[in-house]
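Novice: Top line first, the protein sequences correspond to chains A and B. Heads up: the first sequence runs through residues 127 to 432, numbered per the working numbering. Heads up: the second sequence runs through residues 127 to 432, numbered per the working numbering. Backbone N, C-alpha and C define an ideal beta-carbon position, used for all residues, glycine too.
Protein chains: 2
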Amino acid sequence: MNQIHIFSPATVANVSCGFDVLGFCLDTIGDEMIIRKTPQKGICISKIEGYDLPFETENNVAGVSALALYNDANPDFGFEIEIYKKIKPGSGIGSSSASAAGSVFAMNELLGKPYNKTQLTNFAMKGEALASKCEHADNLAPALFGGFTLVKSLAPLQVLQLPTPKDLYAVVIHPQIEIKTSESRAILPQEIPLKNAITQWSNVGSFVHALHTEDYNLLSDSLNDVIAEPYRCQLIPYFDDVKQRALKHGALGSGISGSGPSIFSLCKGLDSAEKVKTAIQNVYSQTSIDFEIHLSKINTEGIKIL
Amino acid sequence: MNQIHIFSPATVANVSCGFDVLGFCLDTIGDEMIIRKTPQKGICISKIEGYDLPFETENNVAGVSALALYNDANPDFGFEIEIYKKIKPGSGIGSSSASAAGSVFAMNELLGKPYNKTQLTNFAMKGEALASKCEHADNLAPALFGGFTLVKSLAPLQVLQLPTPKDLYAVVIHPQIEIKTSESRAILPQEIPLKNAITQWSNVGSFVHALHTEDYNLLSDSLNDVIAEPYRCQLIPYFDDVKQRALKHGALGSGISGSGPSIFSLCKGLDSAEKVKTAIQNVYSQTSIDFEIHLSKINTEGIKIL
Chain A
127 MNQIHIFSPA
137 TVANVSCGFD
147 VLGFCLDTIG
157 DEMIIRKTPQ
167 KGICISKIEG
177 YDLPFETENN
187 VAGVSALALY
197 NDANPDFGFE
207 IEIYKKIKPG
217 SGIGSSSASA
227 AGSVFAMNEL
237 LGKPYNKTQL
247 TNFAMKGEAL
257 ASKCEHADNL
267 APALFGGFTL
277 VKSLAPLQVL
287 QLPTPKDLYA
297 VVIHPQIEIK
307 TSESRAILPQ
317 EIPLKNAITQ
327 WSNVGSFVHA
337 LHTEDYNLLS
347 DSLNDVIAEP
357 YRCQLIPYFD
367 DVKQRALKHG
377 ALGSGISGSG
387 PSIFSLCKGL
397 DSAEKVKTAI
407 QNVYSQTSID
417 FEIHLSKINT
427 EGIKIL
Chain B
127 MNQIHIFSPA
137 TVANVSCGFD
147 VLGFCLDTIG
157 DEMIIRKTPQ
167 KGICISKIEG
177 YDLPFETENN
187 VAGVSALALY
197 NDANPDFGFE
207 IEIYKKIKPG
217 SGIGSSSASA
227 AGSVFAMNEL
237 LGKPYNKTQL
247 TNFAMKGEAL
257 ASKCEHADNL
267 APALFGGFTL
277 VKSLAPLQVL
287 QLPTPKDLYA
297 VVIHPQIEIK
307 TSESRAILPQ
317 EIPLKNAITQ
327 WSNVGSFVHA
337 LHTEDYNLLS
347 DSLNDVIAEP
357 YRCQLIPYFD
367 DVKQRALKHG
377 ALGSGISGSG
387 PSIFSLCKGL
397 DSAEKVKTAI
407 QNVYSQTSID
417 FEIHLSKINT
427 EGIKIL
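1) Nearest CA to the CA of I152 of chain B: which residue from B:L432, B:N234, B:S328 and B:L392?
2) Specify whether the segment 354-364 of chain A and the segment 172-179 of chain B touch according to this definition: at least 3 beta carbon pairs, one from each stretch, less than 8 Å apart.
3) In chain order, what residues of the same chain lie with their CB nearer than 7 Å to the CB of N350 of chain B, ignoring the 5 residues before and after it?
4) Can you list, in chain order, the residues of its chain with a C-beta nearer than 7 Å to that of P165 of chain A? Leave out the 5 residues immediately preceding and following it.
5) Here's the rule I'm using: 16 or more other beta-carbon atoms within 10 Å means buried, otherwise exposed. How should N197 of chain B be labelled?
6) Write down the C-beta distance between E254 of chain B and S222 of chain B rounded to the nearest angstrom, noting that I regard them as a contact closer than 8 Å.
7) In angstroms with no decimal places, state the Cα-to-Cα distance between L256 of chain B and K214 of chain B.
8) Along chain A, which residues have their Cβ under 7 Å away from the Cβ of I318 of chain B?
9) Among A:I219, A:D347, A:K306 and A:K167, which has the Cα closest to the Cα of L373 of chain A?
10) Are there 16 or more other CB atoms within 10 angstroms of the CB of D366 of chain A, so buried, or fewer, so exposed?
11) What residue does the alpha helix (DSSP H) around P268 of chain B start on, and which one ends it?
12) Consult DSSP for Y295 of chain B and reduce its assignment to one of helix, strand or coil.
13) Quick test of your reading: K369 of chain A and I389 of chain A, contact by CB under 8 Å. State the CB separation rounded to the nearest angstrom.
14) Among B:L283, B:N234 and B:A267, whose alpha-carbon lies nearest the alpha-carbon of P201 of chain B?
15) So Y210 of chain A and M159 of chain A are in contact, right, with Cβ under 8 Å, and what is the actual spacing, rounded?
16) Using a threshold of 8 Å, state whether the C-beta atoms of T137 of chain A and P268 of chain A are closer than that.
17) Who are the near neighbours of G228 of chain A in its chain, counting only those whose CB is closer than 7 Å to its CB and skipping five residues on each side?
18) Determine whether the Cβ of S225 of chain B lies closer than 8 Å to any Cβ atom of chain A.
19) What's the call for Q326 of chain A, buried or exposed, on a 16-neighbour Cβ count within 10 Å?
20) With DSSP collapsed to three states, give me the class of K239 of chain B.
21) Counting contacts by CB-CB distance shorter than 8 Å, is L286 of chain B in contact with chain A?
22) Using DSSP with H/G/I as helix, E/B as strand and the rest coil, what is V409 of chain B?
23) For V443 of chain B versus A250 of chain B, is the C-beta spacing smaller than 8 Å?
24) Determine which residues share a DSSP beta bridge with K423 of chain A and list them.
25) Can you give the Cα-Cα distance for Q412 of chain A and P363 of chain A, rounded to whole angstroms?
26) Would you kindly report the start and end of the unbroken alpha helix (DSSP H) that includes K369 of chain A?
27) Can you tell me the Cα-Cα spacing of G376 of chain A and I406 of chain A, whole angstroms?
28) Taking the Cβ atom as the reference point for each residue, do Y295 of chain B and S422 of chain B lie within a distance shorter than 8 Å?
29) Cβ atoms of I219 of chain B and S383 of chain B: under 8 Å apart, would you say?
30) Measuring CB to CB, does G149 of chain B end up less than 8 Å from D264 of chain B?
31) Would V285 of chain B and F274 of chain B qualify as a contact pair, given that the criterion is a beta-carbon distance under 8 Å?
32) Are F333 of chain A and I324 of chain B touching if we call contact CB-CB under 8 Å?
33) Below 8 Å on the Cβ atoms is my contact criterion, and I expect Q402 of chain A with V297 of chain A to pass it. Report the Cβ-Cβ distance as a whole number of Å.
34) Under a CB-based cut-off of 8 Å, is F145 of chain B close to chain A?
35) I'd like to check one pair, P319 of chain A with L320 of chain B: are the Cβ atoms closer than 8 Å?
36) Name the chain B residues whose beta carbon is nearer than 7 Å to that of H338 of chain A?
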């Protein structure tokens, strides 16, 4: 195999209760990438469509993660990367992670799979760090592992694949405003009340238990964020309206996707998800803010070969 | 049935990563209680053996929790309680919880089980509050539900029963020193670094996942406390020695039981637990501090009828 065409999905990090550790993978929105072997050594980005991103390998997240794997594998040939970017950078649904994970996933396939998913996540973290100034894996893990993931630790990297209840759907609305991840980070306090932290870790524990037991009511009860949302919600116009509307129309929970501005809702069943989709798109329809909205089953596979 | 004789077990709260929310139940140490119906209405404590505790119903944790249930059930008879106290008050293995949970469990049996375990926990919290000045359920829940429990929330009370891996044993050493729960609470900061909180909730999530998947390595990796232990360990002489010795001899994890001074270790298999028991009792044997040590399978049943 000399060439591979992949779908690299968008992902939702944090998932309300799991700030910096939980994430899940979407199915209906993602980048496409074509990666092929080249006789000349090194990594070359030959095509970028969709959004205006740097072609220089070391300035492109897909390029930087590709280099990390390439330098480790040290093959006697090179790779050429074509990126068909569908996920808008800065959307809060793992745009940079899709690029960073996609290139290493594809190269690993072309090399005969010498690396496991945790190793791929490690390489991809180098690319992710270019975009967000720090290494993290809460979007990379669901893109590479699929389903729900918990990043247990970064050093050493330890990713847990959590079970995905079969009737779970996500609705993600992306208001077309810009929030910088750095701004979204800076707004959070460095110290938090112990009381709130206890609430958060009881929710993380019950969320994981709910995934294992397919307990949708408990899942719903666990989807609360007392840490980041109270600060970050002010950066997203109409956040409260969207959330209230989603819950009123049957969503199990609703919160900020990653550092925003996208807002995710989790729903039991397609019918419920469609109702929630209609309800929340009506919020932004009545404003001057453009938006995109995605309805997706949870993608339990992660990146897919097309 | 006019009389019931029960075993009300000791319990370990916090379990390193789950400050204020996690707990598990022991099998080889606990109080015994005899509760019988009486023609005269009200709650009367007729006998207390083992430790010197108040006989006045409203000053005794078993009495206060009994009254909470009694006032709700409002039967046309009363109850008499005999307490054979084996768990030393202030040991950090749920002495007051065993009393508070025992009386309501037994009364519920004698009344024909009108209440579920969550309701019993709610009544018992009134008794627990007498001992610890605040309502909490992290020892009550494992005593009443058995196995590992997660107190998801207190208002409304929501207790989750987590799975118990079948080869799990606990070793609990109780150095005979006194630490007041209030002192143990006061030593903790009210605000904690967000970074540490994230570590803690990733550990709670992975701990719950490890219980579901019977992954003993992950269980071991999750048994870390970056919140309470760094402060509370100084209240327990030789804590570090005991912990290091336990880990060196194969314990999956080791930490402070509740607010101390007892120290628990979790072990895979009886052989491992026996090695850990021998290793850690050697620590206190070489000091002037008296101690008790208990080795127990995890009690998945909770309170037992004898």
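Specialist: Inspection of the coordinates gives the following:
1) Rather than Ile, the amino acid found at residue 152 of chain B in this sequence is Leu. Nearest of B:L432, B:N234, B:S328 and B:L392 to L152 of chain B, Cα basis: B:L392.
2) no
3) S142, C143 and N329
4) F203
5) exposed
6) 6 Å
7) 16 Å
8) E317, I318, L320 and A323
9) A:D347
10) exposed
11) L266 to F271
12) strand
13) 7 Å
14) B:N234
15) 7 Å
16) yes
17) I132, S134, D157, M159, A188 and I429
18) no
19) buried
20) coil
21) yes
22) helix
23) Since the first and last residues shown for chain B are 127 and 432, residue 443 of chain B lies out of range.
24) A:Y295
25) 12 Å
26) F365 to K374
27) 12 Å
28) yes
29) yes
30) yes
31) no
32) no
33) Note that residue 402 of chain A is Val in the sequence shown, not Gln. Contact holds; Cβ gap of about 5 Å.
34) yes
35) no
36) H338
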